[in-house]
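Structure first, then comments.
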Amino acid sequence: MSTLDVPTIIAAGLDDWRPLVHSLHARFRTGDFAQGLEFVVDIGAAAEAANHHPDVKLTYTHVDITLISHDSGGITDRDLDLARTISDLAGERGFESDPARLAIVEIALNAQDKDAIGPFWAAMLTGDANAYDGEQVTDDTGQVPLLWFQPTERRNEAPSMCFHLDIWIPVGQLPSRIEAGVAAGGRVFDDSESPSFVVLEDAEGNKACLCTVMDRS
Numbered sequence: 001m002s003t004l005d006v007p008t009i010i011a012a013g014l015d016d017w018r019p020l021v022h023s024l025h026a027r028f029r030t031g032d033f034a035q036g037l038e039f040v041v042d043i044g045a046a047a048e049a050a051n052h053h054p055d056v057k058l059t060y061t062h063v064d065i066t067l068i069s070h071d072s073g074g075i076t077d078r079d080l081d082l083a084r085t086i087s088d089l090a091g092e093r094g095f096e097s098d099p100a101r102l103a104i105v106e107i108a109l110n111a112q113d114k115d116a117i118g119p120f121w122a123a124m125l126t127g128d129a130n131a132y133d134g135e136q137v138t139d140d141t142g143q144v145p146l147l148w149f150q151p152t153e154r155r156n157e158a159p160s161m162c163f164h165l166d167i168w169i170p171v172g173q174l175p176s177r178i179e180a181g182v183a184a185g186g187r188v189f190d191d192s193e194s195p196s197f198v199v200l201e202d203a204e205g206n207k208a209c210l211c212t213v214m215d216r217s
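Just so it is clear: in the sequence shown, position 206 is 206 by UniProt numbering, and no numbers are missing.
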């Protein structure tokens, strides 16, 4: 099944859900653990019926859900269909979504030769060098954030190790998140690629990149 582009996903009208990186996300406020657990059971039954299974995280106050078609490498119609079903289940229980609180954090590392260092970082983070796939380090268990390698021009001297955070947020949250960062003492370093991403820095020059799915292939 072919993956869907961002305009198609947004046009689907899934008000509870937001695309972040290559997957679809929602958070539903359930109020307490018992109600959340019952909701997760509902989701499990729907997933079994659809033969398509989301990642689900249950906490005391909310349930987080991630949908992706792993065999296709992105969001497909299967994910949209199951998202609608889950939203209907939440509506039946009176649960409201909280898309403004959705986020994914990635770690980026400047690299002149990612293949030379990727297996090392995979081994450090996951214990398995094969977790490096040629572009990034991923952890199927979700215990560590994704690490990807920012291409850096080769120089005669070795570069200083340089990490930065990529914080993926819903498109509509970009202006308020920038405002919050500036109000907290930061400044906008580069907004030339907005709304795809905007780079901010703190008072000592440490940088973070606010990322959205807009204007991406």
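All residues carry an ideal CB built from backbone N, CA and C; glycine is no exception.
On a predicted model such as this, the values are computed, not experimentally measured, just so you know.
7 Å CB neighbourhood of residue i in its chain, flanking five on each side removed
i	result
residue 56	40, 43, 63 and 65
residue 53	47
residue 114	149
Bridge-paired residues (DSSP) for residue i
i	result
residue 110	150
residue 19	24
residue 74	69
residue 137	132 and 147
residue 29	62 and 96
Close-in-space but distant-in-sequence residues of the same chain around residue i (CB under 6 Å, 5 per side omitted)
i	result
residue 99	18 and 170
residue 123	129
residue 202	186
residue 96	29
residue 26	16, 17, 65 and 97
Where residue i sits in the DSSP three-state scheme
i	result
residue 66	strand
residue 120	helix
residue 237	Nothing can be reported for residue 237: it is not among the residues displayed for the chain, which extend from 1 to 217.
residue 96	strand
residue 216	coil
Contacting residues, own chain, Cβ-Cβ under 8 Å from residue i (five flanking each side not counted)
i	result
residue 50	78, 81, 82 and 85
residue 75	3, 4, 9, 19, 22, 23, 24, 67, 68 and 69
residue 174	194, 195, 198, 210 and 212
residue 72	1, 2 and 3
residue 60	32, 33 and 36
residue 216	6 and 196
residue 182	188 and 200
Beta strand (DSSP E) segment containing residue i, residue limits
i	result
residue 167	163-168
residue 203	No beta strand (DSSP E) contains residue 203, which DSSP labels as neither H nor E.
residue 208	207-211
Element boundaries [alpha helix (DSSP H), containing residue i]
i	result
residue 40	33-50
residue 58	From DSSP, residue 58 is part of no alpha helix (DSSP H) but of the beta strand (DSSP E) over 55-58.
residue 103	Note, residue 103: premise wrong, no alpha helix (DSSP H); not H, not E.
residue 295	Nothing in the structure corresponds to residue 295, since the chain is present only between 1 and 217.
residue 175	174-183
For residue j and residue i, believed in contact at Cβ under 8 Å, the rounded distance
i	j	result
residue 142	residue 132	With 8 Å as the limit, residue 142 and residue 132 do not qualify as a contact, their Cβ atoms being about 17 Å apart.
residue 162	residue 110	4 Å
residue 152	residue 146	So it is not a contact: roughly 18 Å between Cβ atoms.
residue 167	residue 103	6 Å
residue 58	residue 36	5 Å
residue 108	residue 150	5 Å
residue 14	residue 87	7 Å
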